[in-house]
Amino acid sequence: MLEVSDLKVSYGAINAVRGVSLRLSEGELVTLLGANGAGKSSTLLAIAGALKSSGTVRLDGTDVSGWSPERIVRQGVAMVPETRDVFPDLTVAENLLLGAYARRRDRDGVAEDRQRMFALFPRLQERQEQAAGTLSGGEQQMLVIARALMSRPRLLLLDEPSLGLAPTVVDQIFAMIAELKRQRLTILLVEQNASKALALADRAYVLRLGKVAAEGRAAEIAAASDLEHLYLGG
Amino acid sequence: MQTLLQFTIDVLSLGGAYALMALGLVIVYGILKLVNFAYGELIMVAGYGLFLMNGSGLPWLVMAAVAVLIAVVTGVLTEYAAFRPVRAKSVTAVLITSFAFSTILQNAALLFISPRPRNVPLPDLFSQTVAFGGILIPARNLITIVASIGLLLLFAFLMKRTVLGIAMRAAATQFRMARMLGVPANLIISTAFAISGFFAGVVSLLWIGRIGSVTPGVGLEPLLVAFIATVIGGMRSLQGAVLGGFLLAFINTALNYLLTQDLLQFRDAFTFTLVILILLWRPEGLIRGPATGQRT
Numbered sequence: 001m002l003e004v005s006d007l008k009v010s011y012g013a014i015n016a017v018r019g020v021s022l023r024l025s026e027g028e029l030v031t032l033l034g035a036n037g038a039g040k041s042s043t044l045l046a047i048a049g050a051l052k053s054s055g056t057v058r059l060d061g062t063d064v065s066g067w068s069p070e071r072i073v074r075q076g077v078a079m080v081p082e083t084r085d086v087f088p089d090l091t092v093a094e095n096l097l098l099g100a101y102a103r104r105r106d107r108d109g110v111a112e113d114r115q116r117m118f119a120l121f122p123r124l125q126e127r128q129e130q131a132a133g134t135l136s137g138g139e140q141q142m143l144v145i146a147r148a149l150m151s152r153p154r155l156l157l158l159d160e161p162s163l164g165l166a167p168t169v170v171d172q173i174f175a176m177i178a179e180l181k182r183q184r185l186t187i188l189l190v191e192q193n194a195s196k197a198l199a200l201a202d203r204a205y206v207l208r209l210g211k212v213a214a215e216g217r218a219a220e221i222a223a224a225s226d227l228e229h230l231y232l233g234g
Numbered sequence: 001m002q003t004l005l006q007f008t009i010d011v012l013s014l015g016g017a018y019a020l021m022a023l024g025l026v027i028v029y030g031i032l033k034l035v036n037f038a039y040g041e042l043i044m045v046a047g048y049g050l051f052l053m054n055g056s057g058l059p060w061l062v063m064a065a066v067a068v069l070i071a072v073v074t075g076v077l078t079e080y081a082a083f084r085p086v087r088a089k090s091v092t093a094v095l096i097t098s099f100a101f102s103t104i105l106q107n108a109a110l111l112f113i114s115p116r117p118r119n120v121p122l123p124d125l126f127s128q129t130v131a132f133g134g135i136l137i138p139a140r141n142l143i144t145i146v147a148s149i150g151l152l153l154l155f156a157f158l159m160k161r162t163v164l165g166i167a168m169r170a171a172a173t174q175f176r177m178a179r180m181l182g183v184p185a186n187l188i189i190s191t192a193f194a195i196s197g198f199f200a201g202v203v204s205l206l207w208i209g210r211i212g213s214v215t216p217g218v219g220l221e222p223l224l225v226a227f228i229a230t231v232i233g234g235m236r237s238l239q240g241a242v243l244g245g246f247l248l249a250f251i252n253t254a255l256n257y258l259l260t261q262d263l264l265q266f267r268d269a270f271t272f273t274l275v276i277l278i279l280l281w282r283p284e285g286l287i288r289g290p291a292t293g294q295r296t
C-alpha cells in the first residue's frame, strides 16, 4: 500500500534522511526504530508531505512525491506528529471537527465518527467543550489520535505516541493501537519504547544516521538486536 | 452625566473604528506572522473607489459596497501578486514586499489622481446630528458604533461557528498541522487577505466619513492605530486586537477631555507614554493568546 524508495530529507547542510526505502502492506503494523536524530520523524513528515524531500513515495501505486500535505490527507493518510500539535485555543469538539476537514460534507458520517471516538476515549467526551490546551499530556495524545482517525485514514502515521506520558497512560495508548491494528488499519509507528513497539508490530525497520540499518519481522529484530545498542548508536 | 454620556459615545465610536482597523491587520498577522504594511493602502483604494464613483448617480449604499469590494479584491490580489511568490523564502522578504507594495500603491495615487485631498460622496446622514439625552451627537458616530459592533459580532460568530472560521483559528496557531488535516494553505491565506480587505473597506467608509476626503496617505494613520492597538492587545489573539482598539480609543479620548489647550498638541506624546507603560507591564500585550507555531 505504501512504498517509499530512496527518500532523502535535508535541513540546510544537514542530511537527516539519506536514502530510506520501506514498504507497508494493507493492514500491517510496521514500526520504525532508531536513536534520536536517526531520521524517523523526518521520514514520517516527508511521507505526509509536510517536509520537502527527494525520492519517491507511492500510495497504492500512485506517485504522491512532492504533493502538498492537504492533498495527501485526501489520499487517506493521517499523521499524528511527535509534537502532538493540538489546536490549543480550540475546543476538543472543534479539534475533532477539523480532523474531518477533508470529508466535511459527509455530515452524518462525521457525527457518527465523533460518537465512535467518544466511545473509544470517554475522557474526550467529558471534555468536549474544553479548550484543548487545558488537557493533560495523555488526553492531548488521545485527542490527536482521535483527530487523525476522524479523516477515516487508510494509513496512519504515528510519531512517538508514548512520549512523555505516564506508564499507565502509555499502556492505554498501546492498547488503543492494538485495537486499531485489529480493525486492520495500516499503521507506521515511530516509537522510542522499542520493546513495546516490537511486541505489537508485524515488521520493523531500524534507522541509523538517516539510513535503514536493519529490517525484518518484529520478532527477529527483537531477538537479533541489542536494543540498547540500537538506541545509543555505535 | 451628560459629559459621561458624551465621553462614552466618543470612546465607543472611535474604539469601534480602531477595533476594525486592528482586526484587519491581525487576521493576516495571525496566519502569516506578517505585519502587512500595505494594509493602509487597502483603506486608500476603497476611498479612491468612492471618489471615482462620485457623480455616477448610483445610490450611496451601492457605491459603498463597490468600494468595500475594491478593497477586498485589492487585498486578495496583493497576496497573489506580491506575497505568494516570496512566501516560502523568508519573513524578511515578505516584509519588504509589503513595504514595496504600499509605496507603489501610494505613488500610483499621487501620479494618476492627485496629491491633494479629493472629496468623496457621503450621504447627508453623515453630517447630521442627533439630540440624545440632552447632548448633540454626530449621526456618523452612532453609525460607526452600530456598524462596528454589528461586524464584530458577525465576525465572532463566523470564526466560531463555521468550519472555515474554525480552520482559520487553527491555522493561526498550528499552520502545518492544519494542512496535515487537509486544510488548504492557499484558501486560508486568501481568506485572511479577503477579510483584511473587507475590514479595510468598512474602515475606509467610516474613517473617510469622519474626515470627508481621501488623500494618498490616508491609510497611514489607520495602519499606525491598528499596529499600536494589536501590540497593546496582544498580536496573537483576535480578542486582543479588539480590546487594544477600544483601549487606545479610551486613552485618546480621555486625553482629549483632560488636557488643556496648550497641552493637547502633545497628545500623541502622552498616548505613547501610556502605551510604553502598558508594554512594560505586559510585554506580550494584554491578551497573550496561545503559543503560536511556525509559519508556512
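As they're listed, the protein sequences go chains A and B. At position 149 of the first sequence (counting the first as 1) the number is 149 in the working numbering, and the numbers step up by one without a gap. At position 221 of the second sequence (counting the first as 1) the number is 221 in the working numbering, and the numbers step up by one without a gap. Don't be surprised by glycine CBs; every beta carbon is placed ideally from N, CA and C.
Residue i in three-state terms, based on DSSP
i	result
residue 260(B)	coil
residue 138(B)	strand
residue 217(B)	coil
residue 208(B)	helix
residue 293(B)	Confidence is the limiting factor: at residue 293(B) the pLDDT is only 40, short of 50, which leaves the residue's position unreliable, though a coordinate-based value still follows. Three-state DSSP puts residue 293(B) in coil, outside helix and strand.
residue 121(A)	coil
residue 36(A)	coil
residue 243(B)	helix
residue 21(A)	strand
residue 107(B)	helix
residue 277(B)	helix
residue 82(A)	coil
residue 3(A)	strand
residue 238(A)	Nothing about residue 238(A) can be read from this structure; chain A reaches only from 1 to 234.
residue 252(B)	helix
residue 18(B)	helix
residue 64(A)	coil
residue 36(B)	coil
Counted within 10 angstroms of its Cβ, other Cβ atoms place residue i as buried (16 or more) or exposed
i	result
residue 161(A)	buried
residue 36(A)	exposed
residue 139(A)	buried
residue 160(B)	exposed
residue 98(A)	buried
residue 168(B)	buried
residue 146(B)	exposed
residue 52(A)	exposed
residue 40(A)	buried
residue 89(B)	exposed
residue 9(B)	buried
residue 85(B)	exposed
residue 141(A)	buried
residue 77(B)	exposed
residue 224(A)	exposed
residue 294(B)	Any reading at residue 294(B) needs caution, since the residue's pLDDT is 37, under 50, leaving its predicted position unreliable; the model's value is listed next. It is exposed - the Cβ of residue 294(B) has fewer than 16 other Cβ atoms within 10 Å.
residue 227(B)	buried
residue 80(B)	exposed
residue 72(B)	buried
Own chain partners of residue i with C-beta closer than 7 Å, once the 5 adjacent residues on each side are dropped
i	result
residue 198(A)	31, 204, 218, 221, 222
residue 225(B)	18, 21, 248
residue 29(A)	181, 187, 189, 200, 201, 202
residue 137(B)	9, 129, 130
residue 163(A)	82, 192
residue 28(B)	34, 36, 192, 193, 196
residue 135(B)	2, 5, 6
Contacting residues, own chain, Cβ-Cβ under 6 Å from residue i (five flanking each side not counted)
i	result
residue 199(B)	20, 23, 24
residue 98(B)	36, 37, 38
residue 68(A)	49
residue 208(B)	47, 120, 214
residue 11(A)	none
residue 78(A)	148, 151, 153, 156
residue 245(B)	15, 18, 19, 22, 229
heavy atom of the ligand MG below 8 Å from residue i C-beta
i	result
residue 108(A)	Only the bare structure without any ligand can be found here, which leaves the ligand MG out of the picture.
Chain-order list of residues whose beta-carbon lies under 8 Å from that of residue i (same chain, five-residue window excluded)
i	result
residue 212(B)	119, 120, 122
For the region 252-260 of chain B against the region 48-57 of chain B, are there 3 or more C-beta pairs whose distance is under 8 Å? These segments do not touch.
Across the region 60-79 of chain B and the region 263-275 of chain B, are there enough close Cβ pairs to call them in contact, namely three or more that are closer than 8 Å? Counting C-beta pairs with one atom in each stretch, the region 60-79 of chain B and the region 263-275 of chain B have fewer than three that are closer than 8 Å, which means they do not touch.
Please list the segments of the alpha helix (DSSP H) lying wholly inside the region 84-154 of chain A, counting only runs of 4 or more residues, in order along the chain. 92-99, 107-120, 122-126, 137-149
Touch test, the region 83-90 of chain A against the region 118-129 of chain A, Cβ-Cβ under 8 Å, three pairs minimum: no
Determine contact between the region 17-30 of chain A and the region 147-166 of chain B, defined as no fewer than three beta-carbon pairs at a distance below 8 Å. no
Check whether the region 52-66 of chain A and the region 172-186 of chain B touch, using three or more Cβ-Cβ pairs below 8 Å as the test. no
If you scan the region 118-168 of chain B from start to end, which runs of the alpha helix (DSSP H) of 4 or more residues do you find wholly inside it? 139-161, all fully within the region 118-168 of chain B.
Considering only residues of the region 160-215 of chain A, which uninterrupted alpha helix (DSSP H) runs meet the minimum length of 4 residues and lie entirely inside it, listed in chain order? 167-182, 194-200
Contact between the region 236-251 of chain B and the region 107-117 of chain B is defined here as three or more beta-carbon pairs at a separation below 8 Å; is this criterion met? Short answer: they don't touch.
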